[in-house]
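Engineer:
Numbering (my numbering), first residue to last: 83 to 535.
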């Protein structure tokens with residue numbers, strides 16, 4: 083059952099926040115930006131775009147886009163919301179006079195990406211007055227802290243309270259510690275396992291929970307913002323994964339342009355270790371320490387020749403700054419920051435990587451544990467495959483490449499990964515990987531980026 087102390091604190095904070103916005107009945111704004119990191123913007127109902135920073139106002143009709151950044155919003159009814167990177171979120175309706183009078187209501191739309199929220203006064207008593215929409219389902223609340231990740235389907239997790247998930251296929255009520263997935267608007271919501279979001283620098287959040295700051299008006303400081311990786315780097319680390327080729331991880335000088343890596347130098351033979359060639363660069367993330375995405379179409383240049391990506395499909399990359407000042411004692415937990423993946427064979431068209439972590443034990447013989455990485459695919463071999471294993475880490479931060487254990491439907495399943503630590507203090511990690519299902523009837527390739535918590 084919900085923790086009474088948590089519920090008391092949440093209600094008290096909501097009331098205090100609501101009281102801090104005088105004149106809100108006039109509807110001048112519905113939320114205030116507590117902090118914004120990266121190129122966070124809002125597009126108003128008039129179609130005009132504006133940058134967001136700490137103290138910026140959010141109005142009804144605004145669509146907030148985080149790009150590669152993130153933001154925290156404080157709503158006038160006391161709700162507190164964390165928007166993850168690559169998220170688009172719209173406030174469609176918002177009415178609040180400063181008290182629960184039955185006329186308060188909010189309708190929001192998560193267009194893509196991920197969010198974690200503690201709800202405020204709206205919906206606390208009149209539950210039907212709170213709605214979060216996506217293309218595949220609508221979420222209502224019953225006094226709650228919850229998180230949502232929306233790509234083509236949605237993943238939901240409730241930390242406190244309860245929510246109701248509803249679409250054309252049916253209705254599912256979730257309580258504290260419960261999760262669900264919704265594949266599309268016609269498929270009934272289905273119970274699932276762990277939290278869907280990993281912390282993204284939002285203070286003292288732990289996996290699957292969002293505790294408001296002790297002083298809700300002063301959010302915890304985010305990690306120092308860095309400009310995206312761009313230009314030439316003498317010490318870089320990276321790798322890629324493409325069908326029919328073994329995933330790689332290496333340390334080499336690199337050039338970043340347009341938001342992603344375009345060339346790694348072969349320090350042994352000279353020339354290009356891997357280069358974009360005629361391929362298209364698709365950037366999915368770049369936080370100034372690590373970047374991820376894929377090269378698609380065209381021809382990828384490598385030291386061993388070229389790879390026709392029109393034939394083999396995208397090459398998924400993760401790359402960043404070489405790890406420096408790697409800890410020599412203790413351990414660290416790394417949460418999934420982002421990924422790029424694709425599949426082929428057996429009618430497979432979509433693939434998703436769920437929330438999971440890496441655990442690194444630092445020492446004379448450092449090791450990395452991949453903790454239950456879930457990979458979900460469709461097609462003839464539809465299902466979720468869970469990957470686990472432990473590898474050694476050398477003094478430069480490279481993981482020993484090799485096979486990991488696969489649990490899931492079918493037979494003849496295998497997983498190969500090559501990864502690395504990255505950034506100052508080894509605050510990031512990357513993993514390039516290849517999953518084969520049913521003896522290779524389905525191939526899945528991907529690259530994951532992780533952030534130390």
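Virtual Cβ for every residue (Gly too), placed ideally from N, Cα, C.
What separation, rounded to the nearest whole angstrom, lies between the Cα atoms of residue 434 and residue 525?
Structural biologist: On the chain shown, position 352 is the one that residue 434 refers to. On the chain shown, position 443 is the one that residue 525 refers to. The straight-line gap from Cα to Cα measures roughly 13 Å.
Engineer: Distance, Cα to Cα, residue 523 vs residue 488?
Structural biologist: Counted from its first residue, the chain shown places residue 523 at position 441. Counted from its first residue, the chain shown places residue 488 at position 406. Looking at the two C-alpha atoms, the distance is approximately 16 Å.
Engineer: In angstroms, rounded to a whole number, what distance separates the CA positions of residue 119 and residue 170?
Structural biologist: Stepping through the chain shown from its first residue, residue 119 is reached at position 37. Stepping through the chain shown from its first residue, residue 170 is reached at position 88. Taking the straight line joining both Cα atoms gives about 15 Å.
Engineer: From which residue to which residue does the alpha helix (DSSP H) around residue 485 run?
Structural biologist: Against the chain shown, residue 485 aligns to sequence position 403. Element bounds for residue 485: not the alpha helix (DSSP H) but the beta strand (DSSP E), 484-489.
Engineer: Take the Cβ of residue 205 as the centre, count every other Cβ of all protein chains shown within 10 Å, and call the residue buried at 16 or more, exposed below.
Structural biologist: As a first step, residue 205 must be located in the chain shown, where it is residue number 123. Buried: at least 16 other Cβ atoms inside 10 Å.
Engineer: Assuming residue 497 is part of the alpha helix (DSSP H), what are its boundary residues?
Structural biologist: On the chain shown, residue 497 is found 415 positions in, with the first residue counted as 1. Element bounds for residue 497: not the alpha helix (DSSP H) but the beta strand (DSSP E), 496-504.
Engineer: To the nearest angstrom, how far is it from the Cα of residue 348 to the Cα of residue 485?
Structural biologist: Within the chain shown, numbered from 1, the residue matching residue 348 stands at position 266. Within the chain shown, numbered from 1, the residue matching residue 485 stands at position 403. Cα-Cα distance, rounded: 26 Å.
Engineer: DSSP three-state call for residue 392: helix, strand or coil?
Structural biologist: Here residue 392 refers to the residue found at position 310 of the chain shown. Residue 392 falls in the helix class under three-state DSSP.
Engineer: Using only the alpha-carbon positions, how far apart do residue 436 and residue 373 sit?
Structural biologist: The residue you call residue 436 lines up with position 354 of the chain shown. The residue you call residue 373 lines up with position 291 of the chain shown. Whole-angstrom Cα-Cα distance: 19 Å.
Engineer: Beta strand (DSSP E) containing residue 332: first to last residue?
Structural biologist: As a position in the chain shown, residue 332 is number 250, starting the count at 1. Here the beta strand (DSSP E) through residue 332 covers 332-339.
Engineer: Return the first residue and the last residue of the beta strand (DSSP E) that residue 200 is part of.
Structural biologist: Looking up residue 200 in the chain shown gives position 118. Taken as a continuous stretch (DSSP letters only), the beta strand (DSSP E) holding residue 200 covers 187-200.
Engineer: Any idea what DSSP makes of residue 206, helix, strand or coil?
Structural biologist: For the purposes of this step, residue 206 is taken as the residue at position 124 of the chain shown. Correct three-state label for residue 206: coil.
Engineer: Would you decide whether residue 127 is buried or exposed? Buried here means 16 or more other CB atoms lie within 10 Å of its CB.
Structural biologist: Start at 1 with the first residue of the chain shown, and residue 127 comes out as number 45. Exposed, because fewer than 16 other Cβ atoms sit within 10 Å of the Cβ of residue 127.
Engineer: Determine whether the beta carbon atoms of residue 408 and residue 512 lie at a separation below 8 Å.
Structural biologist: Here residue 408 is taken as the residue at index 326 of the chain shown, counted from 1. Here residue 512 is taken as the residue at index 430 of the chain shown, counted from 1. Cβ distance not < 8 Å, so residue 408 and residue 512 don't count as in contact.
Engineer: Tell me, please, whether the segment 206-220 touches the segment 257-270 by the rule of three or more beta-carbon pairs shorter than 8 Å.
Structural biologist: Short answer: they touch.
Engineer: So residue 161 and residue 144 are in contact, right, with Cβ under 8 Å, and what is the actual spacing, rounded?
Structural biologist: Numbered from its first residue, the chain shown carries residue 161 at position 79. Numbered from its first residue, the chain shown carries residue 144 at position 62. At roughly 15 Å, the Cβ-Cβ gap does not stay under 8 Å, so residue 161 and residue 144 are not in contact.
Engineer: Would you say residue 245 and residue 226 are within 8 Å of each other, going by their C-beta atoms?
Structural biologist: Counting from one through the chain shown, the residue named residue 245 turns up at place 163. Counting from one through the chain shown, the residue named residue 226 turns up at place 144. Yes, the Cβ-Cβ distance between residue 245 and residue 226 is below 8 Å.
Engineer: Taking 8 Å as the cut-off, decide whether the C-beta atoms of residue 251 and residue 270 are in contact.
Structural biologist: The residue given as residue 251 occupies position 169 in the chain shown. The residue given as residue 270 occupies position 188 in the chain shown. It is a contact, given that the beta carbons lie within the stated cut-off.
Engineer: Taking all protein chains shown into account, do 16 or more other C-beta atoms lie within 10 angstroms of the C-beta of residue 458, making it buried, or fewer, making it exposed?
Structural biologist: Counted from its first residue, the chain shown places residue 458 at position 376. Burial call: buried.
Engineer: Quick one: what does DSSP say residue 168 is sitting in, helix, strand or coil?
Structural biologist: The residue given as residue 168 occupies position 86 in the chain shown. Residue 168: coil per DSSP, three-state reduction.
Engineer: Could you tell me the alpha carbon to alpha carbon distance between residue 280 and residue 510, rounded to whole angstroms?
Structural biologist: Within the chain shown, the letter at position 198 stands for residue 280. Within the chain shown, the letter at position 428 stands for residue 510. Residue placement at residue 280 is flagged as unreliable, the pLDDT there being 44, under the threshold of 50; the coordinate-derived value follows with that caveat. Whole-angstrom Cα-Cα distance: 14 Å.
Engineer: In the DSSP assignment, find the unbroken beta strand (DSSP E) run with residue 343 in it and report its ends.
Structural biologist: As a working note, residue 343 is residue 261 in the chain shown. It spans 342-347 - the beta strand (DSSP E) in which residue 343 sits, taken as one unbroken run.
Engineer: Buried or exposed: which applies to residue 476, given that a residue is buried once 16 or more other Cβ atoms fall within 10 Å of its Cβ?
Structural biologist: Numbered from its first residue, the chain shown carries residue 476 at position 394. Residue 476 should be labelled exposed.
Engineer: Ordered along the chain, which non-local residues of its own chain (more than five positions away) have a Cβ less than 6 Å from that of residue 501?
Structural biologist: The residue labelled residue 501 in the question sits at position 419 within the chain shown. Counting only Cβ-Cβ distances below 6 Å, and skipping sequence neighbours, we find 331, 481, 512 and 513.
Engineer: With a threshold of 16 other CB atoms inside 10 Å of the CB of residue 431, please say whether the residue is buried or exposed.
Structural biologist: Taking the chain shown and counting its residues from 1, the one referred to as residue 431 is at position 349. Burial call: exposed.
Engineer: Considering residue 245, what are the terminal residues of the beta strand (DSSP E) in which it resides?
Structural biologist: Position 163 of the chain shown, counted from the start, is the residue given in the question as residue 245. From DSSP, the beta strand (DSSP E) with residue 245 extends over 236-249.
Engineer: According to DSSP, is residue 211 helix, strand or coil?
Structural biologist: As a working note, residue 211 is residue 129 in the chain shown. It is helical.
Engineer: For residue 418 and residue 438, I'd like the C-alpha separation in whole angstroms.
Structural biologist: Within the chain shown, numbered from 1, the residue matching residue 418 stands at position 336. Within the chain shown, numbered from 1, the residue matching residue 438 stands at position 356. The alpha-carbon atoms of residue 418 and residue 438 are separated by roughly 6 Å.
Engineer: Give the secondary structure of residue 425 by DSSP, where H, G and I count as helix, E and B as strand, and everything else as coil.
Structural biologist: What you label residue 425 is simply residue 343 of the chain shown in a count that begins at 1. Note: residue 425 maps to strand in three-state DSSP.
Engineer: Spatial neighbours of residue 207 within its chain, please: C-beta separation below 6 Å, excluding the five flanking residues on both sides.
Structural biologist: Against the chain shown, residue 207 aligns to sequence position 125. These residues qualify, in order along the chain: 182.
Engineer: Kindly indicate the opening and closing residues of the beta strand (DSSP E) around residue 381.
Structural biologist: Your numbering for residue 381 matches position 299 in the chain shown. Per DSSP, residue 381 belongs to the beta strand (DSSP E) from 381-384.
Engineer: Might you give, ordered along the chain, the residues of its own chain that have their beta carbon closer than 7 Å to the beta carbon of residue 339, omitting 5 neighbours on each side?
Structural biologist: As a position in the chain shown, residue 339 is number 257, starting the count at 1. The answer, listed in chain order, is 312.
Engineer: Assuming residue 173 contacts residue 140 (C-beta within less than 8 Å), just tell me the rounded distance between them.
Structural biologist: Counting from 1 along the chain shown, the entry for residue 173 is found at position 91. Counting from 1 along the chain shown, the entry for residue 140 is found at position 58. About 6 Å; that satisfies the 8 Å criterion.
Engineer: Considering Cα atoms alone, identify which of 495, 253 and 508 is closest to residue 520.
Structural biologist: In the chain shown, residue 520 corresponds to position 438, counting from 1. Nearest C-alpha to residue 520: 495.
Engineer: For residue 510, which three-state DSSP category applies?
Structural biologist: Walking along the chain shown from the start, residue 510 turns up at place 428. Reduced to three states, the DSSP call for residue 510 is strand.
Engineer: Following the continuous beta strand (DSSP E) through residue 326, name the residue where it begins and the one where it ends.
Structural biologist: Here the question's residue 326 lines up with position 244 in the chain shown. Counting along the chain, residue 326 falls outside any beta strand (DSSP E), and DSSP gives it neither H nor E.
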